[in-house]
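Visitor: Right, I'll just put the structure down here and ask away after.
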Amino acid sequence: MCTLLLLSLFSSPLRGANPPVAPELLAAAKNRFGFALLNELAAVQPAENLLISPYSIATALTMTANGAASETKNVMLKTLSLSGIRTEELNPGEKNLLDSLITARRNDVTLEIANSIWARQGIAFKSAFRQELQHFYSAELFTLDFNSPDAASRINSWVSRRTHDKIRSIISRINPEHALFLINAVYFKGKWQQPFDPQLTAEDVFYLPDNRTVRVQMMHRSGKFSYFAGAGFEAVELPYGQGKISMFLLLPEEKTGLPALLKQLTMENWSAWRTQFASRQGQIALPRFQIEYEQSLKPALSRLGMELAFDLNRANFSAMCSQPRLAIGDVKHKSFIEVNEEGTEAAAVTSVEMVMTAIPVNTFNLVFNRPFLFLIQDNTTGTILFIGTVVHPAPEK
22 MCTLLLLSLF
32 SSPLRGANPP
42 VAPELLAAAK
52 NRFGFALLNE
62 LAAVQPAENL
72 LISPYSIATA
82 LTMTANGAAS
92 ETKNVMLKTL
102 SLSGIRTEEL
112 NPGEKNLLDS
122 LITARRNDVT
132 LEIANSIWAR
142 QGIAFKSAFR
152 QELQHFYSAE
162 LFTLDFNSPD
172 AASRINSWVS
182 RRTHDKIRSI
192 ISRINPEHAL
202 FLINAVYFKG
212 KWQQPFDPQL
222 TAEDVFYLPD
232 NRTVRVQMMH
242 RSGKFSYFAG
252 AGFEAVELPY
262 GQGKISMFLL
272 LPEEKTGLPA
282 LLKQLTMENW
292 SAWRTQFASR
302 QGQIALPRFQ
312 IEYEQSLKPA
322 LSRLGMELAF
332 DLNRANFSAM
342 CSQPRLAIGD
352 VKHKSFIEVN
362 EEGTEAAAVT
372 SVEMVMTAIP
382 VNTFNLVFNR
392 PFLFLIQDNT
402 TGTILFIGTV
412 VHPAPEK
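Residue numbers (the working numbering): 22 to 418.
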């Protein structure tokens with residue numbers, strides 16, 4: 022038995038003449054997958070803060086799908102909303118999307134994305150798999166003695182470095198069945214285009230779903246915002262830096278709440294909503310918050326249709342290596358975000374473990390004093406880097 026652990030964090034020659042998938046189409050597929058996954062997680066964790074990086078998770082799984090074959094590859098691509106896309110089109114498209122995202126970096130915005138593969142000594146990758154990940158995903162390849170006491174710490178050091186110490190570990194131990202780890206790291210730090218004035222921050226009340234209240238540090242800002250009022254919610258955009266990346270905050274109506282808003286959250290709806298944001302004068306009150314989230318995604322991914330890839334007896338990852346037989350053992354995700362008056366810092370890690378074998382004139386007033394939804398999106402490609410829910414703002418540390 023052998024295990025492959027693929028980690029994705031929030032930091033080969035071409036084989037054909039097929040044009041690559043456009044970055045915007047790939048971004049839409051990742052977003053669609055992310056919305057579905059968030060709803061799956063919210064269904065079983067309705068009273069918890071959630072934070073995932075759709076880009077991070079989807080990229081780790083797409084790298085893994087490069088090693089899948091037959092029906093295993095089909096179900097993985099279908100879960101990722103990539104059905105019908107050939108590898109020769111997909112991988113160059115992923116490279117183009119990565120390049121587009123990295124160009125978003127400016128002095129006031131940092132976006133770092135990195136990939137790596139850590140293989141047990143003796144595991145021989147097929148050359149095509151290795152070359153695809155190196156060329157199209159810029160993946161670093163490492164061979165490691167998994168029996169060494171410091172093997173896990175070496176991998177975790179890479180994770181910590183790539184996330185600027187926001188996520189210090191993803192692997193607690195390396196078991197005998199672990200064959201390799203594929204890691205995608207995403208790190209983001211951005212300053213608000215218009216920061217909040219710390220002198221206006223004051224203690225206020227946040228209403229929890231069970232009717233209890235907690236005291237939070239509420240930030241305040243007024244001015245012109247890109248604003249949208251939808252069916253059962255209001256939304257506002259807060260750009261970072263020069264506006265290439267933004268946070269979108271969606272506040273549901275009190276009577277319907279966050280669950281009703283999440284049910285509306287589909288790629289089709291999100292695309293339609295985005296076209297209806299318009300400049301409007303208003304005021305917002307937003308709590309400072311910090312979320313640290315860690316979750317096994319195996320149950321949710323299985324419900325979304327990827328169960329075959331976890332089945333040791335039926336999974337087919339023969340495009341990765343001839344021996345041993347591999348299957349995904351688990352997919353772990355770890356993420357962090359901090360939002361304050363200056364801006365946002367966020368990181369995410371996903372680990373996939375494989376086992377061998379018209380502008381209104383009136384103003385608006387948005388007070389985020391009850392559970393709400395947020396997204397951080399690259400506005401050039403439409404890629405959602407992070408998405409989450411704030412049900413209970415973390416206490417100040």
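By construction, the Cβ of each residue, glycine as well, lies at the ideal position given by its N, Cα and C atoms.
No experiment lies behind these values; they were computed from the predicted model shown.
Looking only at its chain, what residues have a beta carbon closer than 7 Å to the beta carbon of A64, apart from the 5 residues adjacent to it on each side?
Guide: Here residue 64 is taken as the residue at index 43 of the sequence shown, counted from 1. Within the same chain, A64 has no close Cβ partners at all.
Visitor: Quick one: what's got a C-beta closer than 7 Å to P381's C-beta in the same chain, skipping five residues either side?
Guide: Residue mapping note: residue 381 aligns to position 360 of the sequence shown, counting from 1. Interpretation of P381 is limited by its pLDDT of 47, a score under 50 that renders its predicted location unreliable; no figure is taken from the coordinates.
Visitor: S102 and F54: beta carbons closer than 7 Å?
Guide: Numbered from its first residue, the sequence shown carries residue 102 at position 81. Numbered from its first residue, the sequence shown carries residue 54 at position 33. Yes. Within cutoff.
Visitor: Is it the case that the Cβ atoms of S74 and F407 are separated by a distance below 7 Å?
Guide: Here residue 74 refers to the residue found at position 53 when the sequence shown is read from its first residue. Here residue 407 refers to the residue found at position 386 when the sequence shown is read from its first residue. Taking 7 Å as the Cβ cut-off, S74 and F407 qualify as a contacting pair.
Visitor: Could you check how far apart the C-beta atoms of M84 and N205 are, in whole angstroms? I think they sit under 8 Å.
Guide: As a working note, residue 84 is residue 63 in the sequence shown. As a working note, residue 205 is residue 184 in the sequence shown. Their Cβ separation, rounded to whole angstroms, is 7 Å, which keeps M84 and N205 in contact under 8 Å.
Visitor: Near L329, which residues of its chain fall below 8 Å by C-beta distance, leaving aside the five closest residues on each side in sequence?
Guide: The residue labelled residue 329 in the question sits at position 308 within the sequence shown. Excluding positions up to five away in sequence, the list reads E92, T93, V96, R335 and A336.
Visitor: Count the other CB atoms within 10 Å of the CB of A145; is the residue buried (16 or more) or exposed (fewer)?
Guide: The sequence position of residue 145 within the sequence shown is 124, counting from 1. A145 comes out exposed.
Visitor: On the three-pair Cβ rule with 8 Å, is the region 136-151 touching the region 214-228?
Guide: No: fewer than three Cβ pairs fall under 8 Å.
Visitor: Closest to E313 by CA distance: which of I349, Q152 and S190 is it?
Guide: As a position in the sequence shown, residue 313 is number 292, starting the count at 1. Ranking I349, Q152 and S190 by Cα distance to E313 puts S190 first.
Visitor: In the structure shown, what three-state DSSP assignment does I408 receive?
Guide: Within the sequence shown, residue 408 is the residue found at index 387, counting from 1. If DSSP states are grouped into helix, strand and coil, I408 belongs with the strands.
Visitor: If you run the structure through DSSP and keep just helix, strand and coil, what is G413?
Guide: Stepping through the sequence shown from its first residue, residue 413 is reached at position 392. It should be noted that the sequence gives His, not Gly, for residue 413. DSSP places H413 in coil when its eight states are reduced to three.
Visitor: Should N386 be labelled buried (16 or more other beta-carbon atoms within 10 Å of its own) or exposed?
Guide: Locating residue 386 in the sequence shown gives position 365, where the first residue counts as 1. Under this definition N386 is an exposed residue.
Visitor: Which complete beta strand (DSSP E) runs does the region 215-243 hold, if anything under 3 residues is left out?
Guide: Segments of the beta strand (DSSP E) lying fully in the region 215-243: 223-228.
Visitor: Flag this pair as yes or no: are the beta carbons of V237 and P392 separated by less than 7 Å?
Guide: Residue numbering aside, residue 237 sits at position 216 when the sequence shown is read from its first letter. Residue numbering aside, residue 392 sits at position 371 when the sequence shown is read from its first letter. No, they are not a contact pair.
Visitor: How about N136 and A173: are their beta carbons less than 7 Å apart?
Guide: What you label residue 136 is simply residue 115 of the sequence shown in a count that begins at 1. What you label residue 173 is simply residue 152 of the sequence shown in a count that begins at 1. Contact flag unset, no.
Visitor: Within its chain, find whatever has a CB closer than 7 Å to the CB of A321; leave out the 5 residues flanking it on each side and keep chain order.
Guide: Taking the first residue of the sequence shown as 1, we reach residue 321 at position 300. Excluding residues within five positions, the ones whose Cβ falls inside 7 Å are L58, E61 and L62.
Visitor: Whole angstroms are fine: how far does the CA of Q220 sit from the CA of T42?
Guide: For this step, residue 42 is matched to residue 21 along the sequence shown. For this step, residue 220 is matched to residue 199 along the sequence shown. Correcting the residue type first, residue 42 is Val in the shown sequence and not Thr. Going by the C-alpha atoms only, they are around 48 Å apart.
Visitor: Exposed or buried, S267, counting other C-beta atoms within 10 Å across all chains shown (16 or more means buried)?
Guide: The residue you call residue 267 lines up with position 246 of the sequence shown. That one is buried.
Visitor: Leaving out five residues before and five after K66 in sequence, what residues of the same chain have Cβ atoms less than 7 Å from its Cβ?
Guide: Within the sequence shown, numbered from 1, the residue matching residue 66 stands at position 45. Inspection of the sequence shows that residue 66 is occupied by Gln rather than by Lys. Within the same chain, Q66 has no close Cβ partners at all.
Visitor: Is it buried or exposed for I123, if we count other Cβ within 10 angstroms and need 16 for buried?
Guide: What you label residue 123 is simply residue 102 of the sequence shown in a count that begins at 1. It is exposed - the Cβ of I123 has fewer than 16 other Cβ atoms within 10 Å.
Visitor: Among F249, A86 and T131, whose alpha-carbon lies nearest the alpha-carbon of Q263?
Guide: What you label residue 263 is simply residue 242 of the sequence shown in a count that begins at 1. The shortest Cα separation from Q263 among F249, A86 and T131 belongs to T131.
Visitor: Mind reading off the beta-carbon distance from L282 to L271? Whole number of angstroms is fine, and I expect it under 8 Å.
Guide: Position 261 of the sequence shown, counted from the first residue, corresponds to residue 282. Position 250 of the sequence shown, counted from the first residue, corresponds to residue 271. Yes, they are in contact, since the Cβ atoms of L282 and L271 sit about 6 Å apart, within 8 Å.
Visitor: Taking F163 as part of the beta strand (DSSP E), name the residues at either end of that continuous run.
Guide: Walking along the sequence shown from the start, residue 163 turns up at place 142. Counting along the chain, the beta strand (DSSP E) containing F163 begins and ends at A160 to L165.
Visitor: With which residues is G211 paired in a DSSP beta bridge?
Guide: As a position in the sequence shown, residue 211 is number 190, starting the count at 1. In DSSP, G211 forms a bridge with V130 and T365.
Visitor: Beta-carbon separation of F249 and W291 under 7 Å?
Guide: The count along the sequence shown starts at 1 and reaches residue 249 at position 228. The count along the sequence shown starts at 1 and reaches residue 291 at position 270. No. Outside cutoff.
Visitor: When you compare each of Q398, V412 and A89 to L279 by their alpha carbons, which one comes out closest?
Guide: Translated into positions along the sequence shown, residue 279 becomes position 258. Among Q398, V412 and A89, the Cα nearest to that of L279 is on V412.
Visitor: Can you tell me where the alpha helix (DSSP H) with K51 in it begins and where it stops?
Guide: Counting from one through the sequence shown, the residue named residue 51 turns up at place 30. Counting along the chain, the alpha helix (DSSP H) containing K51 begins and ends at P44 to V65.
Visitor: When burial is assigned at 16 or more other CB atoms within 10 Å of the CB, is D171 buried or exposed?
Guide: The residue you call residue 171 lines up with position 150 of the sequence shown. Exposed, by the Cβ-count rule.
Visitor: May I have the straight-line CA-CA distance separating F395 from A50, to the nearest angstrom?
Guide: Residue numbering aside, residue 395 sits at position 374 when the sequence shown is read from its first letter. Residue numbering aside, residue 50 sits at position 29 when the sequence shown is read from its first letter. Rounded to the nearest angstrom, the two C-alpha atoms are 19 Å apart.
Visitor: Can you tell me which of I106, V352, H185 and R242 puts its alpha carbon nearest to the alpha carbon of L307?
Guide: Here the question's residue 307 lines up with position 286 in the sequence shown. Comparing Cα positions, the closest option is R242.
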